[in-house]
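Protein chains: 2
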Amino acid sequence: MARYFVHLAYNGANYCGWQTQPNLPTVQLTLEKALATLLRQPVAVVGCGRTDTGVHAADFYAHFDHHGDPFDTQAIVFKLNSLLPPDIAVFDICRVRDNAHARFDAVARTYRYHVSTQRLPFRQGLYCRIYFSPDVDRMNEAARVLMEYDDFTSFAKLHTQVKTNICHLSHAHWDVEGDELVFTIRSNRFLRNMVRSVTGTLLDVGRGKLTIDGLRHIVEQRDRCAAGVSMPACGLFLTKVDYPDGYFDPEQPQQQ
Amino acid sequence: MARYFVHLAYNGANYCGWQTQPNLPTVQLTLEKALATLLRQPVAVVGCGRTDTGVHAADFYAHFDHHGDPFDTQAIVFKLNSLLPPDIAVFDICRVRDNAHARFDAVARTYRYHVSTQRLPFRQGLYCRIYFSPDVDRMNEAARVLMEYDDFTSFAKLHTQVKTNICHLSHAHWDVEGDELVFTIRSNRFLRNMVRSVTGTLLDVGRGKLTIDGLRHIVEQRDRCAAGVSMPACGLFLTKVDYPDGYFDPEQPQQQ
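Respectively, the protein sequence lines represent chains A and B. Numbering-wise, the first sequence is residues 1 to 256 according to the numbering used here. Numbering-wise, the second sequence is residues 1001 to 1256 according to the numbering used here.
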């Protein structure tokens, strides 16, 4: 048995998220099927996270185990990209140590949420149109306030079975990028739906519907019902997954 | 009667080009229908050019005549964008002098052609994938050679009824932009299919299939069959249409 990491990206518009669900198109299932065809054995991949329906990933990792002789990873990457639909791109496959884990070993994740006040015909499905001009400075003030906290219960989806709602944010900032306004948020972990509800709440600050004190109150209430509306999936991208330094350095004679 | 210019952009993927054709979806027809609904009169628009099926326009102008009282252009722009599909964006409508002409008055047009050696899941339908790494310096040398000529018969679609194949290029250059390679070409006019066949021919130079002398031979032959393959529509954008200086300055009391 040998374990491999797949480094990929996908446009989530046509998928019901990453994780396999019965009778629904998911990125995981699409990737597993293509790998199984090429490697001629059943393949189960474990993703670094679970993006929701319609959410995009510009940087995503998944691991899988391969039984039998090692294979030419570069050749498989090439064939995989021929087999996969054009909304999934595989950058690389590399052998890792047998206990490496795409999800548990990731130390941080970065998400970006794109909004625009304009109609952008070449960015359809990749941003969310908003119909007001938010105050970016105010939203960045609100983002700084958010970083003072670590309990994000107020932004968690109800009824999920996680043990803790503690997240250590290391970055939260809005930037103007061309015709778009982009919120970048980095944390060791995220709760389900968290980025979309945080983005919606900060946009409420930006349009004057919510004060900074109001934001503090929402966070401190630890009640999901208090937060702003969750933004639609199309504007959300998982853009960076971090592993410890040297994680991908070859430790054993493995690549052929 | 009053004449108006519409400034717009469109993603051409879902249209059989700009110009109305019987029973086919075109940008012209879509725009005319929306304007007619809002202005409550039949509207015929004249475009600044005729993009082919699947070709995009990031900058496009069209004029139309309106009979009756002047209308609030800003209100119509807003309503038009609500009525039009998301792949067409109207930036502005402004009144112009009665003999202004979107096509005849344009003094230059700029097109850009996007290629990439990579799979880009967030740029689907907006670039053309190529399976070789072209030599960009060689292609720019070829682009400079192209600018020495003005008869582009070799790159014109056969059997069109234009009177002359003379085009005065003012820019032709390849640039690396992120994961893409972009060819920008500017001319007072373009022949049908010209940008796509010029791009294909320059890519032949870039991959070593054609020499600079070979390129000169193709241009000097004035025979379409000599040139390289025409690139697909999806990578092509009309990005700039130039009118004379001061063209849009109000000359009469017209804007309300």
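Just so it is clear, CB atoms sit at the ideal spot from N, CA and C, and this is done for glycine as well.
| query | result |
| --- | --- |
| One or two residues paired with aspartate 1088 of chain B in a DSSP bridge | This sequence places isoleucine at residue 1088 of chain B; aspartate is not what is there. Answer by DSSP bridge pairing, in chain order: B:Tyr1010. |
| Backbone CA spacing between tyrosine 111 of chain A and phenylalanine 91 of chain A [nearest angstrom] | 19 Å |
| Same chain, Cβ closer than 6 Å to tyrosine 1015 of chain B, neighbours up to 5 away in sequence not counted | Pro1025, Thr1026, Val1027 |
| Close Cβ partners of glutamate 32 of chain A (< 7 Å) along its chain, the five nearest in sequence each way excluded | Val43, Ala44, Val45 |
| Residue burial classification, valine 1055 of chain B (beta-carbon count within 10 angstroms, cutoff 16) | buried |
| Collapsed DSSP secondary structure at glutamate 220 of chain A in the structure displayed | helix |
| Contact with chain B by proline 86 of chain A, beta-carbon distance below 8 Å | yes |
| Those runs of the beta strand (DSSP E) which lie wholly inside the region 13-49 of chain A and span at least 3 residues | none |
| Chain B residues whose Cβ lies nearer than 9 Å to that of histidine 56 of chain A | Pro1121, Phe1122 |
| DSSP-derived helix/strand/coil call for isoleucine 76 of chain A | helix |
| Delimiting residues of the alpha helix (DSSP H) encompassing aspartate 137 of chain A | 136-146 |
| Cβ neighbours of phenylalanine 183 of chain A in the same chain (closer than 6 Å, five flanking residues each side left out) | Tyr113, Trp174, Thr199 |
| Within chain A, partners of asparagine 1011 of chain B - CB distance below 8 Å | Pro121, Phe122, Gln124 |
| Per-residue DSSP class, three states only, for isoleucine 212 of chain A | helix |
| Cα-Cα separation between serine 1187 of chain B and methionine 1194 of chain B, rounded to whole angstroms | 11 Å |
| Residue from B:Asp1087, B:Asp1137, B:Leu1039, B:His1007 whose Cα sits closest to the Cα of valine 1205 of chain B | B:Asp1137 |
| Beta-carbon neighbours of asparagine 81 of chain A, restricted to chain B and to distances below 9 Å | Arg1119 |
| Beta strand (DSSP E) segment containing leucine 169 of chain A, residue limits | 169-177 |
| 9 Å Cβ cut-off: residues of chain B touching alanine 89 of chain A | Gln1118, Arg1119, Leu1120, Pro1121 |
| Segment contact flag, the region 1213-1223 of chain B with the region 1146-1162 of chain B, C-beta cutoff 8 Å, min 3 pairs | yes |
| Length of the line joining the Cα atoms of leucine 1035 of chain B and cysteine 234 of chain A | 29 Å |
| Start-to-end residues for the alpha helix (DSSP H) that takes in aspartate 1204 of chain B | 1194-1206 |
| Where threonine 1117 of chain B sits in the DSSP three-state scheme | coil |
| Candidates A:Ala227, A:Asp59, A:Ala172, of which the one nearest valine 145 of chain A by Cα | A:Ala172 |
| Other residues of its chain near alanine 226 of chain A: CB distance less than 8 Å, five sequence neighbours each side excluded | Ser154, His217, Ile218 |
| Exposure of leucine 158 of chain A, with buried meaning 16 or more beta-carbon neighbours within 10 Å | exposed |
| Cβ shell of threonine 211 of chain A (< 8 Å), same chain only, five flanking positions each side left out | Val205 |
| Element boundaries [beta strand (DSSP E), containing serine 133 of chain A] | Where serine 133 of chain A is concerned, there is no enclosing beta strand (DSSP E), given that its DSSP letter is neither H nor E. |
| Own chain partners of threonine 30 of chain A with C-beta closer than 8 Å, once the 5 adjacent residues on each side are dropped | Tyr15, Leu84, Pro85, Ile88 |
| Inter-residue Cα distance where the pair is phenylalanine 190 of chain A and lysine 1240 of chain B | 43 Å |
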